[in-house]
Amino acid sequence: MKNKFTLFSILLLAAMVATACGQAARASQQDQISYSLKTDLQNGQMVFVGVGGPIDGVVNPTLVAAAGDTVTIMLSSGDGTEHNLTLPDFNVTSPDVSGKGNSVTISFRADKTGTFPYFCNMPGHREAGMEGKLEVDGSAASSSSNSASPASASTASNSSTSMAGMAMTNTQAGSTTAVAAAGADIVRDPTDLPGPIGDRAPATVRVDLLAKEVVGQLADGTTYPYWTFNGKVPGPFFRVRVGDTVEVHLKNDPSSMMPHSVDFHAVTGPGGGAVFTTTQPGQETVFSFKALVPGLYVYHCATPMVAEHIANGMYGMILVEPEGGLPKVDHEFYVMQGEIYTTGAFGDKGAQGVDVTKLLNETPEYYVFNGAVNGLTTEHPLKASVGQTVRIFFGNAGPNKISSFHIIGEIMDQVYNFGSLDTPPMSGVQTTLVPAGGAAIVELKLQVPGKYIFLDHAIARMQRGLAGWLVVDGPNAPDIFNGTPMPGSGH
Ligand SMILES: [Cu+2]
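Numbering (my numbering), first residue to last: 15 to 505.
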């Protein structure tokens, strides 16, 4: 009896094991699908490229799985830049991967049917092209229907967990917005520009740019992760003469997370140089161009997403002087307008990030001169005296908005429209239009002392940080202007 019982027990156990094995076997019938993707830059776009099998070489390939499959995706770095791979529908995000040849792997169960996006969730990368699809068809759905319920239940509980996590994050973000943050001073002093070239023959001129990502002070108590040329916004002002050969050296700081490049509007050649200057962190690129046409030109980073690199601060200007140079003035200033698309609302304290949706919708939170709120008011006002002449090299980095540049209480004596020095200047201008990616040279002779506010006459932008001061000292000139300042004028 005892043996029989034992035998029965063994049989029962065997049956249980068989059942378990049956489930295991059925589970193993569901395929393990593996894909390999690598990150790359192609035609100015960030992309995923398939590696091996039918997706080999395909840009942003459509990945296919059957419901119930375990999908494994290896992501390797082909471009060296930091990327990741996320499938929010399956609650899975890979660790970040950077450095050519490094790789990360994710694995998840395709527990529902349909078409789902995969993409890189680094800011701007999805919009710059890193997005593909995963198609899960239902052919194996019936075999996994028993386990599908618990699986989807666990997915649901995962997602509610992560929702709770998000809520916590939001709460934390809410509390950090009340905490003032301090960052580096990234404001370019408007007097920081080289003097006139004078009369010399054309030459070969070397210019050096260093792409550097720095957390900088955007406003009082508010920081922003700027991307800069040479640590300031705007980048350095370059000055050459027509006929010069300009040798551009672009270094990307080893601490950078992103590749960077540069497009000079003064260049005649593909990409304004951008095609030849995609520069990985720690690397250097070189190209040269001949300055064929005099004028004031914007330069900017042109690495995808270009709008993001510009909005983050990667812009500056180069002046190509005509033969013999420009007429002498007492003061020259370097001013550039830009837009900043922060995650928080205008005025929120704390560490901000970029909001790519706002960027694409062209709804900046901040408008700034030389990179930060108050950069050209309390920090670095433009200063001159009655009787002096002033020249402002004004550029509009955008990336999206046109500027209606205006100096309150002044009439611009001469404006070289659009930065053109091949065209005679206009005289007696109240407000000059400067397109995104454009410039103007503005000249004034100062006659009356006081504080002159300059701005974009799309004047609501003043409420979002856009104002600068031209402070003029010297004797009153009652024959030109006479009055008593009243309180509340805003000046
Ligand atoms: Cu860049």
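The beta carbon of each residue, even a glycine, is placed where N, CA and C say it ideally should be.
In this structure, ligand 1 has no non-hydrogen atom nearer than 6 Å to the beta-carbon of residue 134. Burial is judged here by how many other beta carbons sit within 10 angstroms of a residue's own beta carbon; residue 417 has at least 16 and is buried. The C-alpha of residue 472 lies about 38 Å from the C-alpha of residue 294. Near ligand 1, meaning a Cβ closer than 5 Å to any of its heavy atoms, lie the following residues in chain order: 274, 315, 317, 323, 328. It is roughly 7 Å from the alpha-carbon of residue 141 to the alpha-carbon of residue 319. Annotation: the segment 400-424 contains the following complete segments of the beta strand (DSSP E) (minimum length 3 residues), in chain order: 403-412, 417-421. When the beta-carbon positions are compared, residue 442 and residue 412 stay at least 7 Å from each other. Taking 7 Å as the cut-off, the Cβ atoms of residue 338 and residue 213 count as close. Rounded to whole angstroms, the Cβ separation of residue 300 and residue 260 is 11 Å, and the two are not in contact under 8 Å. Scanning 341, 389, 395 for the CA closest to the CA of residue 246 turns up 389.
With contact defined as three or more Cβ pairs closer than 8 Å, the segment 230-239 and the segment 369-377 are not in contact. DSSP places residue 266 in the uninterrupted beta strand (DSSP E) bounded by 259-266.
In this structure, DSSP gives residue 123 an extended state, which the three-state scheme calls strand. Under the three-pair Cβ rule at 8 Å, the segment 419-434 does not count as touching the segment 320-330.
If you check the CB distance, residue 257 and residue 208 do not come in under 7 Å. Counting the other Cβ atoms within 10 Å of the Cβ of residue 306 gives fewer than 16, which makes it exposed. Counting of Cβ neighbours within 10 angstroms places residue 384 among the buried residues, the total reaching 16 or more.
Under DSSP, residue 303 forms a beta bridge with 260. At a Cβ-Cβ threshold of 7 Å, residue 121 and residue 86 count as neighbours. The C-alpha of residue 255 is placed about 29 Å away from the C-alpha of residue 421. Note that the C-beta distance between residue 276 and residue 291 is below 7 Å. Annotation: the continuous beta strand (DSSP E) that includes residue 354 extends over 345-354. The Cβ neighbour count for residue 226, taken over all protein chains shown within 10 Å, is at least 16; the residue is labelled buried. Per DSSP, residue 314 is one residue of the beta strand (DSSP E) stretching across 309-314. About 25 Å separates the Cβ atoms of residue 279 and residue 228, ruling out a contact at the 8 Å cut-off. Here residue 335 really is in contact with residue 253; their C-beta atoms are around 7 Å apart, less than 8 Å. Secondary structure at residue 494: coil, using DSSP grouped into helix, strand and coil. Across the set 146, 271, 91, 349, the C-alpha of 349 shows the shortest separation from the C-alpha of residue 470. DSSP places residue 321 inside the alpha helix (DSSP H), whose first and last residues are 320-325. Annotation: the continuous alpha helix (DSSP H) that includes residue 372 extends over 370-375.
Residue 497 places its beta carbon 7 Å or farther from that of residue 381. If you keep only unbroken beta strand (DSSP E) runs of at least 3 residues inside the segment 206-262, you get 218-233, 236-243, 252-255. Residue 271 counts as exposed, since fewer than 16 other C-beta atoms from the protein chains shown sit within 10 angstroms of its C-beta. Secondary structure at residue 59: strand, using DSSP grouped into helix, strand and coil. No Cβ-Cβ contact shorter than 7 Å links residue 100 with residue 46.
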